[in-house]
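**Q** In the numbering used here, the protein residues as written are 55 to 242. C-beta atoms are modelled at their ideal positions from N, C-alpha and C, and glycine is treated no differently.
(1) Quick one, are the C-beta atoms of residue 103 and residue 80 less than 7 Å apart?
(2) Can you name, in chain order, every residue of its own chain whose Cβ lies under 8 Å from the Cβ of residue 184, other than the five neighbours on each side?
(3) Round the Cβ separation of residue 160 and residue 223 to the nearest angstrom and send it over; I've been treating them as touching at under 8 Å.
(4) Per DSSP, which one or two residues make a beta bridge with residue 75?
(5) Can you tell me whether residue 42 is helix, strand or coil according to DSSP?
(6) Using alpha carbons as the reference points, say which of 86, 165, 87 lies closest to residue 124.
(7) I'd like to check one pair, residue 91 with residue 128: are the Cβ atoms closer than 7 Å?
(8) Enumerated in chain order, which unbroken segments of the beta strand (DSSP E) with a length of 3 residues or greater are wholly contained in the stretch 156-206?
(9) Given a cut-off of 7 Å on the beta-carbon distance, is the pair residue 130 and residue 226 in contact?
(10) Can you round the beta-carbon distance between residue 73 and residue 132 to whole angstroms, since I take them to be within the 8 Å contact cut?
(11) Quick check on residue 227: does DSSP put it in helix, strand or coil?
(12) Apply the 10 Å Cβ neighbour rule to residue 94 and answer buried if 16 or more other Cβ atoms are within range, or exposed otherwise.
(13) Return the bridge partner residues of residue 148 from the DSSP annotation.
Structure below.
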């Protein structure tokens, strides 16, 4: 069993009211990555991109120290928190303030793409507003089906565009959204 990263600072000032504290969904993603550890190590991962930044410090234990980590987020406080998480866990994490991977030239260069999307069912207007506000709510509000950002990356073919051949995409989803995920068949 791999060690869980030190994230004790996330629940404290200055992050307590502005950054998503890793919870069951984050740990489920870590469990899935650990279950595939041998295959992920065999990728010889040069670039890992996480939309968000809660699990990259953990992934380094799997893919090795030679991997570069980009962590994107719309929330400035979350970016600072991600950087601190890396420092506390002896991992160089490079946070980039952007939505998803907008503005980054990543075509067919990502070995490992990670995403723990907002999945709480809200109105589409609330999800859009929370994303625009770039605050804690942006990490939670998932739109009318709880899958708004996940649908966005699927419909824009972001995964296919950024992954190199043989690259892998891991994401979380909330069990209550399962009936709504039929559109995901044939993702990659």
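**A** If we stick to the structure as given:
(1) Cβ distance not < 7 Å, so residue 103 and residue 80 don't count as in contact.
(2) In chain order, 172, 176, 191, 192, 194, 195 place their CB closer than 8 Å to the CB of residue 184, counting only its own chain and leaving out the 5 sequence neighbours on each side.
(3) Actually they do not touch by this definition, with Cβ atoms about 13 Å apart.
(4) Residue 75 has no beta-bridge partner at all, per DSSP.
(5) In the structure as shown, the chain begins at 55 and stops at 242. Residue 42 is therefore absent and cannot be evaluated.
(6) Looking only at 86, 165, 87, the smallest Cα-Cα distance to residue 124 is reached by 165.
(7) Residue 91 is positioned such that its CB atom lies no closer than 7 Å to that of residue 128.
(8) You should have 164-169.
(9) Taking 7 Å as the Cβ cut-off, residue 130 and residue 226 do not qualify as a contacting pair.
(10) With a contact defined as Cβ atoms closer than 8 Å, residue 73 and residue 132 qualify at about 5 Å.
(11) For residue 227, the secondary structure class from DSSP, reduced to helix, strand or coil, is coil.
(12) Buried, by the Cβ-count rule.
(13) Within the DSSP bridge table, the entry for residue 148 names 124 as partners.
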